[in-house]
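Data block below; observations after.
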Amino acid sequence: MTRVTIIGAGVIGAAIAYELSLINGLDITLIDEKQPASGSTGAALGVLMAIISHKTKGRGWKLRQLSLERYTTLIPELEELTGKKIPVNHQGILMLRFPDDPRERWEKLQKFRHDHGYPLEIWDKKSY
């Protein structure tokens with residue numbers, strides 16, 4: 001048996017521990033100086049910002065894409081495992097675009113996200 005120690009029981013450490021627990025032959029220990037999720041994770045907003053990232057190429061984007069895909073299966077998986085409903089808000093993110101941030105930049109991102117199955121709306125005065 002291979003022993004694995006993960007330091008930090010925030011969302012990243014806990015997610016790594018969970019994913020590794022799905023692999024046979026690993027003895028996993030998760031260590032934190034405080035209660036799980038009591039650091040940055042406990043204070044975080046809990047928003048998946050990958051949708052509004054303008055980076056659409058490279059390793060970083062591939063990791064974000066895989067994370068978004070995994071999230072859609074992870075929540076139901078954890079609900080089944082724990083028998084508890086996990087509150088999830090699929091209402092989206094409202095982000096203000098300032099005048100010096102070109103609209104074309106967002107329109108390009110909107111098309112890219114749409115092509116990958118993620119809605120991204122651009123609102124303006126005409127939207128109301």
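Just so we're aligned: 94 in full-length UniProt numbering is position 94 of the sequence shown, and the numbers increase by one with no gaps anywhere.
Each residue gets a CB set at the ideal place from its N, CA and C atoms; glycine is no exception.
Thinking W106 and R97 are a contact (beta carbons under 8 angstroms), I'd like their distance in whole angstroms, please.
On the sequence shown, position 106 is the one that residue 106 refers to. On the sequence shown, position 97 is the one that residue 97 refers to. About 6 angstroms separates the beta carbons of W106 and R97, which is inside the 8 angstroms limit, making them a contact pair.
For S67, which residues of its own chain have a beta-carbon under 7 angstroms away from its beta-carbon, when the five flanking residues on both sides are left out?
For this step, residue 67 is matched to residue 67 along the sequence shown. Contacts found: A50.
Any chance the region 25 to 43 sits against the region 2 to 15, with 3 or more Cβ pairs inside 8 angstroms?
yes
I need the boundaries of the alpha helix (DSSP H) containing R105, first residue and last residue.
Here residue 105 refers to the residue found at position 105 when the sequence shown is read from its first residue. Residues R103 to D115.
Which word fits A44, buried or exposed, when buried means at least 16 other C-beta atoms lie within 10 angstroms of its C-beta?
Position 44 of the sequence shown, counting from 1, holds the residue named residue 44. With fewer than 16 Cβ atoms within 10 Å of its Cβ, A44 is classed as exposed.
Whole-angstrom Cβ separation of I31 and A17, contact assumed at under 8 angstroms?
As a working note, residue 31 is residue 31 in the sequence shown. As a working note, residue 17 is residue 17 in the sequence shown. In fact, because the Cβ distance is near 10 angstroms, the residues do not count as touching under 8 angstroms.
Taking C-alpha atoms, which residue in Q110, L48 and L81 lies nearest to residue 135?
Because residue 135 is not part of the residues shown, which for the chain are 1 to 128, the question remains open.
To the nearest angstrom, how far is the alpha carbon of P36 from that of H54?
By 1-based counting over the sequence shown, the position of residue 36 is 36. By 1-based counting over the sequence shown, the position of residue 54 is 54. Taking the straight line from one Cα to the other gives about 32 angstroms.
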